[in-house]
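Novice:
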Amino acid sequence: MTGARCPPNVTRRPASFSYPRSTREVLLAEINENDDVLSVPKSETRKLRSRRSRDERREAKRLRSTRKNEQREEEREDHDVLGRIMETLARGTGTPAFLIILTLFVAGWIMWNSMAPEAWRFDSADLGFIALTLALSLQASYAAPMLLLAQNRQDDRDRVQIEQDRQRAERNTADLEYLTREVVALRMRMNDMASQDFIRAELRALLEEVAERESLTQTDAQQPPRSQPNHDEETKDHRA
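So in full-length UniProt numbering, spot 129 of the sequence shown is number 129, and the numbers just go up one at a time.
If you want it as structure tokens, here you go:
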């Protein structure tokens, strides 16, 4: 007869087999000190990085398109030289300095043509300063269209600015909604993932089980082999 047989499909480790203690110490040190081992899986990290890179590329394209549109508007404004000159003059006529200069000009004109010698006068006061009236009429006739032109250009700029603000607000809203969805999805993934404490406890239990099996293997190796009873001697005793 043979001794206790191993059950089928079970490989028995040799008596001299043992897990290296250095490996267990390294694993315990990693579990207790290094929390990066229990961080988010690499697949999830890659997905988050790829999504972030796609978002950054999309935002860069939007910024480039916006800058191109702004440059086109600036170039279009630069080509309109006459409009810019008229707008500058219209802005100048609406300042206090222009009113002061115009008042001094009219006062000097009237005083010169009233008090200067007759030969030096160029506008007759008896006729009601016809030249001054004509000059002021020309100035008023040109000032009104210039003001309207400046107002129209300002309206165009305001319209473009409003459109850009609307597009920017839509992009910000879309980005905010996307970030909200990503945060919710990330929270759901974090809820489904095991916590660091749970993984640490499972690893410790696994290491303790490995150490227990190692001690049992060493105990079995130290025990002497059992003596097998002789079948012939048992038969003789039975006959006697």
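The beta carbon of each residue, even a glycine, is placed where N, CA and C say it ideally should be. Here the structure is a predicted model, which is why all the values come from computation and not from measurement.
Does the pairing of the stretch 84-92 with the stretch 138-156 give three or more beta-carbon distances under 8 Å?
Specialist: Result yes; three or more Cβ-Cβ pairs closer than 8 Å.
Novice: Going straight from the alpha carbon of Glu214 to that of Leu206, what length do you get?
Specialist: Within the sequence shown, numbered from 1, the residue matching residue 214 stands at position 214. Within the sequence shown, numbered from 1, the residue matching residue 206 stands at position 206. Answer to the nearest angstrom: the Cα atoms are 12 Å apart.
Novice: What residues in its chain sit with their C-beta under 8 Å from that of Ile130, if we drop five residues either side in the sequence?
Specialist: Counting from 1 along the sequence shown, the entry for residue 130 is found at position 130. Excluding residues within five positions, the ones whose Cβ falls inside 8 Å are Asp123 and Ser124.
Novice: Within this structure, are the beta carbons of Thr66 and Gln196 separated by less than 9 Å?
Specialist: By one-based count along the sequence shown, residue 66 stands at place 66. By one-based count along the sequence shown, residue 196 stands at place 196. Cβ atoms of Thr66 and Gln196: not closer than 9 Å.
Novice: Can you grab the Cα-Cα spacing for the pair Trp120 / Leu127, in whole Å?
Specialist: Start at 1 with the first residue of the sequence shown, and residue 120 comes out as number 120. Start at 1 with the first residue of the sequence shown, and residue 127 comes out as number 127. Near 16 Å, if we compare the C-alpha coordinates of Leu127 and Trp120.
Novice: So, using beta-carbon positions, are Ile110 and Leu132 closer together than 9 Å?
Specialist: Taking the sequence shown and counting its residues from 1, one reaches residue 110 at position 110. Taking the sequence shown and counting its residues from 1, one reaches residue 132 at position 132. Against a cut-off of 9 Å, the Cβ pair of Leu132 and Ile110 comes out as a contact.
Novice: By the three-class DSSP mapping on this structure, what secondary structure does Ser53 have?
Specialist: Position 53 of the sequence shown, counted from the start, is the residue given in the question as residue 53. Helix, per DSSP.
Novice: Quick one, which of Val106, Ser50, Ala97 and Ile199 has its alpha-carbon nearest Ser137's?
Specialist: Your numbering for residue 137 matches position 137 in the sequence shown. Ser137 has its Cα closest to that of Val106, out of Val106, Ser50, Ala97 and Ile199.
Novice: Are Glu182 and Arg51 closer than 9 Å when you measure CB to CB?
Specialist: Position 182 of the sequence shown, counted from the start, is the residue given in the question as residue 182. Position 51 of the sequence shown, counted from the start, is the residue given in the question as residue 51. In contact: Glu182 and Arg51 (Cβ atoms closer than 9 Å).
Novice: Rounded C-beta distance between Arg171 and Arg54? I'm assuming under 8 Å.
Specialist: In the sequence shown, the residue the question calls residue 171 occupies position 171. In the sequence shown, the residue the question calls residue 54 occupies position 54. Rounded, the Cβ-Cβ distance is 15 Å, inconsistent with contact.
Novice: Quick one: measure Cβ to Cβ for Ala140 and Thr93, integer angstroms, because I've assumed they're closer than 8 Å.
Specialist: Taking the sequence shown and counting its residues from 1, one reaches residue 140 at position 140. Taking the sequence shown and counting its residues from 1, one reaches residue 93 at position 93. Between Thr93 and Ala140 the Cβ distance is about 10 Å, and since that is not below 8 Å, they are no contact.
Novice: What are the boundary residues of the alpha helix (DSSP H) that Gly108 is part of?
Specialist: Taking the sequence shown and counting its residues from 1, the one referred to as residue 108 is at position 108. Run containing Gly108: Pro96 to Met115, per the alpha helix (DSSP H) assignment.
Novice: In angstroms with no decimal places, state the Cα-to-Cα distance between Asp192 and Val210.
Specialist: For the purposes of this step, residue 192 is taken as residue 192 along the sequence shown, with counting starting at 1. For the purposes of this step, residue 210 is taken as residue 210 along the sequence shown, with counting starting at 1. Distance between the alpha carbons of Asp192 and Val210 is about 28 Å.
Novice: Pull up the distance between the alpha-carbon of Gln218 and that of Glu212, whole angstroms please.
Specialist: Here residue 218 refers to the residue found at position 218 of the sequence shown. Here residue 212 refers to the residue found at position 212 of the sequence shown. Taking the straight line from one Cα to the other gives about 10 Å.
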